[in-house]
Structures are given as C-alpha cells and as structure tokens.
Amino acid sequence: MSDPVPLSTRSESGPAPRSGHPRLCVGIVNHGSYDDLERCLRALDRQRHPLSGIAVYDTGVDPDRFDAMRRAHPEVVFEIGANRGYAGGANRVLAQCVDMDAETDFILILNPDVELDPDFGVVLLKSMAERRDVAIASGKLLRPGRQKIDSAGIRFPRHGRPRDRGSEKLDLGQFDETESVAAVSGAAMMIRVESFEDLRVDGELFDEDFFAYHEDTDLCWRARRLGWTVLYEPKARAVHARGWRKERRREIEVSIRRHSFKNHYLQPAKNQSGARFMTNLPWLFVWEVLRLGFVLTKDRPMLGAYREAWKALPASLRKRRTIRDRLKDPARGPSGPA
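Just so we're aligned: the sequence shown equals residues 48 to 385 in my numbering.
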C-alpha cells in the first residue's frame with residue numbers, strides 16, 4: 048500500500064485551458080511492433096476529439112518497416128533513434144509533442160499495442176479539464192475480445208508490488224466508478240502539460256534509470272506525493288494486447304526482466320515514507336523471502352538484478368531528497384510552483 052495522501056490539495060477549478068478548448072497531442076514509443084503501431088494509428092484516425100499532433104519514437108529494429116510507416120502516415124512526426132527504454136522514449140515523445148504544439152494542454156502516451164475507442168480522448172479530456180487537480184489519468188483497458196479487464200487503474204498491495212486492478216477478470220461492471228487511484232498504466236496515460244514542471248526530477252518526467260517497467264507507477268506515486276490526483280475514468284475505453292503477461296514472462300529477455308525486478312526496489316526508495324515502510328514491514332519481509340526463494344530455485348538469472356538495484360540506489364535516494372525538498376519549498380503553493 049502506498050503512502051496515503053489527501054484526495055487533492057489542489058483547487059479543482061481554475062482558468063480554462065490556454066486555447067479555450069483542450070488541445071491533445073499523442074506520443075507513441077515503438078520497439079519493433081509495426082503491425083500493432085499500424086492498428087494504433089488507425090484507431091487514432093477515428094478519434095472524435097481532433098489531435099494537434101502525433102509523435103512516434105522508434106528504436107530502429109527494422110529500418111525498412113520504419114520507412115514504410117513514415118511514408119504511409121505523413122501526418123505523424125516520426126523519429127528513429129537508440130533504444131532508450133520506455134522511459135527515455137516516452138520523455139522524447141513528450142518533448143516532440145511540445146515542440147509540435149506549444150499550446151498543447153494534454154499529452155496522451157500510448158503503447159503501440161493499444162487501440163482506443165473513438166471517444167476515448169473526448170471522455171478523458173472532459174474529466175481532466177473539469178478537475179484542475181488531476182495531473183494524470185487513464186481509462187478502462189480491456190484485453191482483446193473486450194470480455195476481460197486488462198487494467199482498471201493500479202493499486203499497491205502492502206508488499207509494494209503494483210497490481211493492475213481487475214487484471215484478467217471478466218468485465219462485469221465492478222470498476223465502473225470514476226475515482227482517484229494509486230496509479231494508472233503507462234500503456235494509455237494522459238498527462239496534463241501544466242504539471243510537467245512540478246513533476247520533473249533532473250529534467251525527466253519518466254525516470255530513465257528505470258529504463259522499462261514501473262516508470263509509470265513511479266511517476267504516479269510522485270504526482271500524488273506532490274498533491275496531484277491520479278484519475279481512473281471507466282467511460283474512456285481501449286483495448287490493450289499487452290506483451291508482458293505472467294504466463295509469458297520467460298519470453299521476455301533476461302536484461303529487460305531485470306529492469307522490472309530492480310525497479311521494484313527503486314520505486315519505494317524514491318517515494319515511500321519511513322513510517323509507511325515500518326507499517327508494511329511484515330508484509331515486505333514475507334514477500335522478499337518468497338521472492339528470493341523463487342529466484343534461487345526457479346529464476347537464477349534474476350540474481351543480477353539485486354546488484355543492479357544496489358548500484359542504482361544512490362541516484363534514487365538523491366532523487367528522493369529532491370522530491371522531499373520540493374515539498375518543503377516555501378515558493379511552492381498548493382498548486383505547484385508559485
């Protein structure tokens with residue numbers, strides 16, 4: 048369970064978006080998923096809310112497919128570059144969106160394996176525009192076939208491992224209430240541009256030390272600590288194919304799985320209070336014993352992730368101090384920097 052915060056320390060009303068109507072840009076990070084990307088872009092073409100731009104950062108897995116995609120979608124700003132992980136790629140498309148439209152109010156970060164319903168943007172923008180306390184939001188993500196839930200927001204159990212609410216359960220309306228949540232999935236995450244300055248640490252919105260996995264929940268945790276709200280809006284719906292699933296974890300290369308493993312430690316190191324750590328200690332202890340036992344008996348390549356987490360820990364603790372100092376800054380009012 049994450050540290051409790053008030054529902055909001057911010058005003059829920061305020062001036063209208065700068066342009067009079069919310070302006071929305073979309074950013075996509077692509078790592079070889081060109082068929083998924085094509086479907087994702089077609090779904091964006093069907094959005095009822097007009098988009099001020101679409102940016103794609105591609106890791107260059109297949110330059111020929113990349114060139115074909117660029118020719119087929121002249122309306123999209125494509126960039127090809129080194130694999131910077133999800134975090135680095137997401138930061139890059141955020142910057143691209145701002146460069147394309149300096150007046151954009153919201154940026155929607157998408158995985159290429161997400162297909163939005165046509166009214167996804169309309170519904171989510173309405174919820175965010177009505178509440179100026181909301182920095183981050185997402186909708187109900189469904190598995191292909193739309194019978195099962197992929198993610199209805201994210202919760203933090205007491206052992207600290209983030210869990211998608213309702214994952215793999217039939218969608219029976221059990222998550223049909225708009226509500227504040229601990230976090231939302233980075234597969235389809237809408238972010239208020241106005242919150243960027245407050246949420247960035249070392250110039251990064253998504254922590255690039257994470258590389259991949261848990262960078263979305265880390266950002267949401269930081270946003271809530273700084274007084275923002277993370278919102279789940281079930282009327283905004285999308286289908287998420289999802290590459291990482293428990294039964295397919297062995298298909299993911301070891302180096303990537305190690306990032307997920309190490310980030311499990313870096314995230315609370317940056318965000319969890321000492322008091323909450325002590326409250327959760329019995330659950331944490333049991334979980335870590337079981338986790339180590341599993342690694343020793345069934346997944347020994349993950350042992351290296353302990354070393355990687357230890358190596359990255361000083362940087363995370365320094366960022367923790369940065370966040371703490373920001374909270375104490377007298378120039379920072381209840382709605383961020385004065």
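Glycine included, every Cβ here is placed at the ideal spot set by N, Cα and C.
query: Measure the C-alpha to C-alpha separation of residue 154 and residue 338 and round it to an integer number of angstroms.; result: 36 Å
query: Along the chain, where does the beta strand (DSSP E) that runs through residue 276 open and close?; result: 276-287
query: Kindly identify the DSSP beta-bridge partner or partners of residue 189.; result: 196 and 286
query: For residue 76 and residue 137, what's the separation of their Cα atoms in angstroms?; result: 6 Å
query: In terms of DSSP beta bridges, what is residue 154 paired with?; result: 72 and 238
query: For the beta strand (DSSP E) containing residue 105, list its first residue and its last residue.; result: 100-105
query: Got a sec? Which residues, its chain only, sit under 6 Å from residue 79 by beta carbon, not counting five neighbours each side?; result: 108
query: Note down the Cα distance separating residue 325 from residue 315, rounded to an integer number of angstroms.; result: 12 Å
query: Could you say which of 342, 332 and 273 lies nearest to residue 304 if we only look at CA atoms?; result: 342
query: First and last residue of the alpha helix (DSSP H) that includes residue 303?; result: 301-318
query: Give me the Cα-Cα distance between residue 333 and residue 230, rounded to the nearest whole angstrom.; result: 24 Å
query: Locate the alpha helix (DSSP H) running through residue 243, then write down its first and last residues.; result: 243-246
query: Going by DSSP, which residues form a beta bridge with residue 210?; result: 202
query: Taking all protein chains shown into account, do 16 or more other C-beta atoms lie within 10 angstroms of the C-beta of residue 329, making it buried, or fewer, making it exposed?; result: exposed
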